[in-house]
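Structure first, then comments.
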Amino acid sequence: MLTVPVEIQILFAGIIFFLGLIGLLVRRNMIFMLMSIEIMFNAAGLVFIIAGTHWKQPDGQVMFIFILAVTAVEVSIALAMILLVYHHFKTLDSDAINNLKDTN
Amino acid sequence: MDVFFYIAGFVAIVSTIMAISGRNAIHSLLYLILSLLAISVIFYLLSAPFIAALEVIIYAGAIMVLFIFVTMMLNIGIERETEKKWLRPRMWIIPTILAAILLANLIFAIKSVPATRTINEAILPKQVGISLFSTYLLAVEIAAILLMAGVIGAYHLGSQKKKVKHRFLESK
Chain A
486 MLTVPVEIQI
496 LFAGIIFFLG
506 LIGLLVRRNM
516 IFMLMSIEIM
526 FNAAGLVFII
536 AGTHWKQPDG
546 QVMFIFILAV
556 TAVEVSIALA
566 MILLVYHHFK
576 TLDSDAINNL
586 KDTN
Chain B
4 MDVFFYIAGF
14 VAIVSTIMAI
24 SGRNAIHSLL
34 YLILSLLAIS
44 VIFYLLSAPF
54 IAALEVIIYA
64 GAIMVLFIFV
74 TMMLNIGIER
84 ETEKKWLRPR
94 MWIIPTILAA
104 ILLANLIFAI
114 KSVPATRTIN
124 EAILPKQVGI
134 SLFSTYLLAV
144 EIAAILLMAG
154 VIGAYHLGSQ
164 KKKVKHRFLE
174 SK
């Protein structure tokens, strides 16, 4: 049986979450930004599982299943939008998509 | 059992760092799959075997394959100039400091609550299923509507629209 204290487990999930946050802040490639969002979703699900195990309730796992569904929808829509952006702008750089700003 | 948690956690953190800092998208995606597999090991250790299986099947199997397909369709690798310009080591400093401050905040919050003892008992898929289809039945239906909206949205975004232009605009 796992005897790691729950604080360490939450801390681990927090480290994963903040790595995803750093990636989202630093990267400008939209594929990498979406990957970072995935990392953060996954860390949030990990916290749900940790809490569900801690309180011995199945609700944490149920919530993880919902997170999984939301993630699947979000990824499919976002990747379709990334494909559209790439076909339109010929780049994946998120700084290039500022056409609302009147530059030319 | 504890040593497995630390080993899997180490692998997950290192592969996540490699995933967010890599230049090549495919390499980063493969590192991300490794990170997800390590987290799946942690789910198993946290006595959630059903979720561990779901993590491998849906996250590492379906979602990451979707990522890899799109990355292959986009044929990235030609254009990385802006990213190369932006991705200097100096750019990592401020976001890392800010995230570290938030992490320190989290550590402080964890430290300030009294320690409690965890007694692990496996939560079997049967309990999860009973809870999912009794207590959370409405949420399951909402998730189904969300998935339907996702299918329709992805179809709409992915369908090639025929360009309709007036002939006066065509010559321009």
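So the protein lines, in turn, are chains A and B. Heads up: the first sequence begins at 486 in the working numbering, then just goes up one per residue. Heads up: the second sequence begins at 4 in the working numbering, then just goes up one per residue. Where a beta carbon is used, it is the ideal one built from N, C-alpha and C, also for glycine. All of these numbers come straight from a predicted model, not from anything done at the bench.
#1: Pull out every residue of the stretch 129 to 149 of chain B whose Cβ sits closer than 7 Å to any Cβ of chain A, in chain order.
#2: Determine which residues share a DSSP beta bridge with Asn108/B and list them.
#3: Consult DSSP for Asn527/A and reduce its assignment to one of helix, strand or coil.
#4: Using a Cβ-Cβ distance cut-off of 8 Å, determine whether Ile36/B contacts chain A.
#5: Compute the distance between the beta-carbons of Phe609/A and Ile582/A, then report whether it is under 8 Å.
#6: Please compile the residues from chain B whose C-beta is within a distance smaller than 8 Å of the C-beta of Val532/A.
#7: Does the beta carbon of Ala63/B sit closer than 8 Å to a beta carbon anywhere in chain A?
#8: Using the Cβ count rule (16 or more neighbours within 10 Å means buried), how would you classify Asn527/A?
#9: Mind checking Gly161/B: buried by the 16 CB within 10 Å criterion, or exposed?
#10: First and last residue of the alpha helix (DSSP H) that includes Val59/B?
#11: Which stretch, first to last residue, makes up the alpha helix (DSSP H) that contains Met4/B?
#12: Grab the span of the alpha helix (DSSP H) containing Met67/B for me, first residue to last.
#13: Between the stretch 22 to 54 of chain B and chain A, which residues of the former have a C-beta closer than 9 Å to a C-beta of the latter?
#14: CA-CA distance, Leu150/B and Asn514/A?
#15: So with Cβ pairs under 8 Å, would you call Phe551/A a contact of chain B?
#16: If you measure beta-carbon to beta-carbon, which residues of the stretch 557 to 578 of chain A are closer than 7 Å to chain B?
#17: Looking at the unbroken alpha helix (DSSP H) that takes in Leu141/B, where does it start and where does it end?
#18: Can you grab the Cα-Cα spacing for the pair Glu492/A / Pro52/B, in whole Å?
#19: DSSP beta-bridge partners for Asn514/A?
Working from what's here:
#1: Against chain A - using a Cβ distance shorter than 7 Å - the residues of the stretch 129 to 149 of chain B are Gln130, Val131, Ser134, Leu135, Tyr139, Ala142, Ala146 and Leu149.
#2: On the second sequence, residue 108/B is found 105 positions in, with the first residue counted as 1. The bridge partners DSSP lists for Asn108/B come to none.
#3: Taking the first sequence and counting its residues from 1, one reaches residue 527/A at position 42. DSSP places Asn527/A in helix when its eight states are reduced to three.
#4: In the second sequence, the residue the question calls residue 36/B occupies position 33. It does not: the Cβ of Ile36/B has no partner Cβ on chain A nearer than 8 Å.
#5: There is simply no residue 609/A to check, as chain A begins at 486 and stops at 589 in what is shown.
#6: Position 47 of the first sequence, counted from the start, is the residue given in the question as residue 532/A. Among the residues of chain B, none has a CB under 8 Å from the CB of Val532/A; the nearest is roughly 11 Å distant.
#7: Within the second sequence, residue 63/B is the residue found at index 60, counting from 1. No, no contact with chain A.
#8: Taking the first sequence and counting its residues from 1, one reaches residue 527/A at position 42. With a threshold of 16 other beta carbon atoms within 10 Å, Asn527/A meets it and is buried.
#9: What you label residue 161/B is simply residue 158 of the second sequence in a count that begins at 1. Its Cβ having fewer than 16 others within 10 Å, Gly161/B is exposed.
#10: Here residue 59/B refers to the residue found at position 56 when the second sequence is read from its first residue. Boundaries cannot be given for Val59/B, as no alpha helix (DSSP H) includes it and DSSP labels it neither H nor E.
#11: As a working note, residue 4/B is residue 1 in the second sequence. Where Met4/B is concerned, there is no enclosing alpha helix (DSSP H), given that its DSSP letter is neither H nor E.
#12: As a first step, residue 67/B is located in the second sequence; it is residue number 64 there, counting from the start. Boundaries of the alpha helix (DSSP H) around Met67/B: Met67 to Leu77.
#13: When CB distances to chain A are screened at a threshold of 9 Å, the residues of the stretch 22 to 54 of chain B falling below it are Ala22, Ile23, Ser24, Gly25, Ala28, Ser31, Leu32, Leu35, Ser38, Leu39, Ile42, Ile45, Phe46, Leu48, Leu49, Ser50, Ala51, Phe53 and Ile54, in chain order.
#14: Here residue 150/B refers to the residue found at position 147 when the second sequence is read from its first residue. Here residue 514/A refers to the residue found at position 29 when the first sequence is read from its first residue. Rounded to the nearest angstrom, the two C-alpha atoms are 26 Å apart.
#15: Indexing the first sequence from 1 puts residue 551/A at position 66. Taking CB atoms only, Phe551/A has a neighbour in chain B less than 8 Å away.
#16: Hits within the stretch, in order: Ala557, Val558, Val560, Ser561, Ile562, Leu564, Ala565, Met566, Ile567, Leu568, Leu569, Tyr571, Thr576, Leu577 and Asp578.
#17: What you label residue 141/B is simply residue 138 of the second sequence in a count that begins at 1. Looking at the DSSP string, the run of the alpha helix (DSSP H) that includes Leu141/B is Leu140 to Gly161.
#18: Within the first sequence, residue 492/A is the residue found at index 7, counting from 1. Within the second sequence, residue 52/B is the residue found at index 49, counting from 1. Those two C-alpha atoms are separated by around 21 Å.
#19: Translated into the one-based positions of the first sequence, residue 514/A becomes position 29. Looking at the DSSP assignment, Asn514/A forms a beta bridge with Asp578/A.
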